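Report on the structure given below.
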Amino acid sequence: MPIKKTLSLMLMASLSPSVLADSSPAIGIATPVHSDEVAHSKHKSFIPSPALPAKHYQTLAPAVAKDKHKHALSSKSSHNKPLPANTQAAMADSSCNDNAFITSGNNLLTQIKEQSFDCVGRLFGDASQTVRQGTFTQANIITVANEAKAKSISYNGTDSDDYFKSLQYWIRAFYYYGNRELLNPANQAATKAAMDALFANSHMYDKTSENADVIELAMVNLNNASIREHYMPVVHQLLERYDASYDSVQGWGNVFAEASWGIPNACARFADCRTREHTASLITKLGNFIHDNIGWLDKPSADYHLHNLGYQLANIYSGKNDSHFSGIEATLAAEVNKILNAFGPLKGDSGRRAYLQVLNAVDYRGKCSEHNVCDKKDEIIASVLKDRINCPSGTLFMWAQNMNQAQLEWACNSLKSHEDHFHTTLRTNRTPVTPDDNESLRMVVFNDSTEWRIYGGVLFGASTDNGGLYLEGDPSTAGDQATFFAYEEVPARPVFDIWNLRHEYMHYLDGRFITQGDFRDVNGAGRTVWYGEGIAEYISRRNCNDEAASAASAGSYDLSTIFTNEYGVGQSRIYAWEYLATRYMFERQNATFFNMLEKFKQGDYASYRTDMVDNWVSSKTFDNDFSNWLTSVTSSGCTVDNTRPTSPVEPINVDDIQGDEQPGINACALGRPREGRDIKAGEALCLENVSNNNQAQLAIYVPAGLVNVSLEITLRHGSGNGNLLHRWDARPSGTSYDHISEGADNHETILVPEVKAGWNYIHVRADSAFSDATLLARYIQNDGPVGDNALKNGVSKTVSGKQNEEVHFVMGVPANASTLSFNISGGSGDADLYVKYGAAPTTDDYDCRPYIGGNAERCTITDIQGGNYFIMLRGYNNFSDVSLVGNYSQ
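Mapping of the sequence shown onto mature numbering (1 follows the signal peptide of the UniProt record, and there is no 0): residues -21 to -1, 1 to 869, in sequence order.
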């Protein structure tokens, strides 16, 4: 069935790296569009696509604005993250000289070197067509590729002036131009020679973020130059080397994802590569890597690797008709079955993403019967999307992953009111266009964007590298079900909402009642994009649109310019300005507007072009009146929907978002110096040298959704004296901080009992010069309310627990305390008391443990230190109503 419209908030993975040159000028895997941009696609077939790190969806390209639709509140907003020091300077386009790139030979290399990396990035589209045509010549690509080869040979793992990355970026822009329009065997060979030299370099696998930036750019250029299939040896090397320590280094996750998906996926398309590379050794390596590393791969921060590896393992079935396949079939079937037997498809199951992608590939390659999983997708749909409702309107039914009855009913009612407004405003008389048999819309709502990305492609063949998707299908085919895929809007919680709900529903109504035909008819006619997004924005938001009102006051565009919009012109032109264009036509050119709709209903897009929009553009028919009208635009009639039901915030499992390192680890001995200023929870780093009276300034970003979680910050090892300071949302100083630990050496601990979401800043101040100290920040999940775990001086707590259960507390003690003790008494059963300064005690690591029968135990601390003391009660037997108290005097 031809797909009429595919509407999403990112470019679709169906325009995947295996098909197109990358469409984003950002460093990273070539993914076509951003989460804040709507795209259309006419693809029918599902093209499997890679999974990316979660953060990748937030930071794809600096050129696109980050504003969201007001009606959809917010989604995946990028953190207010401090820029690395080496990138803070070259951000302004004003320092770039585009025309200087129109040169050749050494002069071109000089421009690439002396202008910034960001200036080279302008060659993806911000620079003029004349500039791009002038710099992207066949002679120039050979010059730049040869220089990249020379730099690859001498590469030492660092690129302090960004020249090597800028060369790679220019090559990337060259192939991006016209979607590989300039690719030929000569420049492919030159680019391949540069890549061969880099991958042969001994620094190729240096475990640093600086090296990862270089290698990631090179990996993308393998795709853009269409040479990925030659690099399966790199995949073997990575499968032998890659581990959690690599994955913890910024950038290496993208490198591994691009390599483990892109290279095998390209190889699978060529018979000679399959014959050469699809071996029992590769199959075993892929399977073993998954099983041997499942402990860290199965965390949400890394499970995108399971998606890529699982699919590419089963995708070896792509060669099922090759002559060599019989020799590896049994090995492949065994590894596939091992995945399907060891893991499961549901949230909470081990290895879920590997299971689902193996299932996906097995199904895609027509091998489901051999593995007895042909009905498995229907079973998963029934289990995952079990919350269902047929809306009273009769035009909408909903399948949801985790919605209660009140939420289902609210969604039905909300869309019903917008449906009524659509028909009244656009005078449809509720009469569908002919032919159109999409009598109802199926709405599939996942619990969040992660669940959408995990399940959408596997269960429905939908491209999920986006913020939701509308597939109308062929409206002339009865039973061809129109479907809108969406997910709950997590940032709106504890109030319930569905991301992009109303906007996308307007697309469905427009396709059924206004625009006749499929995607090729509507979009293929040209100059219809302004209407498609404009009408969805205008009807869903009515006159309440602050972004559009702000854009109107700026007056940046003529209406004739907006009529020529195509996808990719940017967020503001697509949403705010197309809203303004549609609203203007409705308010000021009403008769013309409805004449246009009549042409759309008849599918007469040819006369829409010749008799209407082409003249409006060439003659600038409405430009003057539009300009005057913009001055009167206001945002009005805004209301808050107080009928929305609640949606509880779902707590994050801290083990899913942090490493497993504990206080006492020596990161310096492990050779792990800090890179940049960001700290990752549960991953220690080495502070090598900080001179007297200076400080190391660092920060950790705490995600929203942590419930009853403390942040423990420790400093250990090394020489000298470093002190810890912590402050939320602002950098601490000697007089302004939330927490401080000032011991006599590098043994410092801070416990933030109820850590707040957002940036938490940590400074390590040198009271005297220190070196080789290990800093670790980690989350501690508290079983009860955080306040219940904090002891106050002289105030007792009543504690109960089961045999072997551990209940933890913490008490802050001032530096001038002269006496300190902890006591348990009373109650029944037998609890054991453990106390430790600076870190939570365990049964093997403590400062005090009386370990006597009954509940009368006391720890008297003689060597008192200012800071946090951690107390644990552990049930030798079941115990109840035991009194715990800590006392100090000053």
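Think of the CB as a built atom: it goes at the ideal place given N, C-alpha and C, for glycine as much as any other residue. For clarity, every value in this text was computed on a predicted model and none was experimentally measured.
With contacts defined as CB atoms closer than 8 Å, Phe801 and Pro820 fail to qualify as a contacting pair. Comparing alpha carbon positions, the residue from Thr839, Thr798, Lys781, Gly805 closest to Lys815 is Thr839. For Tyr816, there is no enclosing alpha helix (DSSP H); the enclosing beta strand (DSSP E) has its first and last residue at 807 to 816. Residues of the same chain with a CB within less than 7 Å of the CB of Val734, apart from the 5 flanking positions on each side, are Val681, Leu685, Val688, Ser689, Leu690 in chain order. Take the alpha-carbon of Phe579 and the one of Gly440: they are about 30 Å apart. Excluding residues up to 5 positions away in sequence, Asn700 lie with their Cβ nearer than 7 Å to the Cβ of Asp724 in the same chain.
Excluding the 5 residues flanking it on each side, Val352 has same chain C-beta neighbours closer than 8 Å at Leu319, Leu338, Val341, Asp342, in chain order. For Arg367, the uninterrupted beta strand (DSSP E) run begins and ends at 366 to 369, by DSSP.
With respect to Gly345, Glu314 sits apart: the two C-beta atoms are not nearer than 8 Å. In this model, Asn190 and Asn180 are separated by some 12 Å (Cα to Cα). Taken atom to atom, the span from the alpha-carbon of Pro732 to that of Leu852 is near 18 Å. Under the DSSP definition of a beta bridge, Met377 partners with Ile368, Met422.
In this structure Asn847 touches Leu730 by the C-beta definition: roughly 4 Å separates them, less than 8 Å.
The alpha-carbon separation between Gly447 and Phe492 amounts to approximately 22 Å. Taking 8 Å as the cut-off, the Cβ atoms of Asn544 and Glu557 count as close. Per the DSSP secondary-structure output, Met851 pairs in a beta bridge with His787, Tyr813.
In the displayed model, Leu677 falls within a strand according to three-state DSSP.
Across the structure, Glu388 and Ala531 are spaced so that their CA atoms are roughly 37 Å apart.
According to the DSSP secondary-structure assignment, Asp657 is paired through a beta bridge with Ala678. Closest in C-alpha terms to Thr618, from the list Ser626, Tyr554, Cys523, comes Cys523. Ala678 sits close to Ile658, with the two beta carbons spaced by under 8 Å. Taken in chain order, the whole alpha helix (DSSP H) runs of length 4 or more contained in the stretch 126 to 183 are 142 to 155, 164 to 179. The C-alpha of Ala236 is placed about 7 Å away from the C-alpha of Ala30. Rounded to the nearest angstrom, the gap between the Cα atoms of Tyr148 and Thr263 is 35 Å.
Taking C-beta atoms under 8 Å as the contact rule, His350 and Asn316 qualify, at a distance of about 6 Å. In the DSSP assignment, Arg710 forms no beta bridge with any residue.
The C-alpha of Met422 is placed about 10 Å away from the C-alpha of Glu483. The closest CA to that of Thr494, considering only Tyr536, Phe475, Glu526, Glu451, is found on Glu451.
Three or more beta-carbon pairs separated by less than 8 Å link the stretch 229 to 248 to the stretch 198 to 214, which places the two stretches in contact.
When the Cα atoms are used, Ala259 and Glu308 turn out to be separated by approximately 9 Å. When Ile759, Gly650, Gly845 are compared, the shortest CA-CA separation from Asn795 is found for Gly845.
The DSSP-derived three-state label of Asp399 is helix. Annotation: Thr507 to Ser305 spans about 52 Å, alpha carbon to alpha carbon.
The alpha-carbon of Ala752 is positioned some 9 Å away from that of His726. The shortest CA-to-CA distance from Ser188 to any of Arg220, Phe143, Thr137, Ile368 is the one to Thr137. DSSP lists Val423, Leu448 as the bridge partner or partners of Phe464.
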